[in-house]
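Take a look at the structure below.
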Amino acid sequence: MSKKPLIDKDGEVRELTAEDLKKFKPLPEANSALYAKIKKGVGERGAQKSPTKIPISIRVSPEVADYFRAKGKGWQGRIDSILKDYVAHHK
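Residue numbers (my numbering): 1166 to 1256.
This is the structure we're talking about:
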């Protein structure tokens, strides 16, 4: 019995049969590494590399918040860099 490919030469996926479905495995069995990444959660970050940062809450004017947020991902890190530079120059 020959194994019928799921994808044809044009890249089209054929309709799955009952036999195909019998061969399916739960994701943790089929690909444990992928499952671990998904289980961790979308957008979740791992532990911080040292030196770790501490969470704080500060109030800033709307135009400051809008400016940094408009720069995209990493906007909080950019604020941190600016504040570290300020501290270094005002010791």
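Backbone N, C-alpha and C define an ideal beta-carbon position, used for all residues, glycine too.
Cut-off 7 Å between Cβ atoms - residues of its own chain near residue i, not counting five sequence neighbours on either side
i            : result
residue 1240 : 1233, 1234
residue 1188 : none
Residue i vs residue j beta-carbon contact at 8 Å
i            : j            : result
residue 1178 : residue 1171 : yes
residue 1249 : residue 1243 : no
residue 1245 : residue 1218 : yes
Element boundaries [alpha helix (DSSP H), containing residue i]
i            : result
residue 1194 : 1192 to 1195
residue 1233 : 1227 to 1235
residue 1210 : Neither: residue 1210 is in no alpha helix (DSSP H) and is coded neither H nor E.
residue 1171 : Segment: none, residue 1171 is in no alpha helix (DSSP H) and carries neither H nor E.
residue 1254 : 1240 to 1254
Close Cβ partners of residue i (< 8 Å) along its chain, the five nearest in sequence each way excluded
i            : result
residue 1193 : 1200
residue 1202 : none
residue 1229 : none
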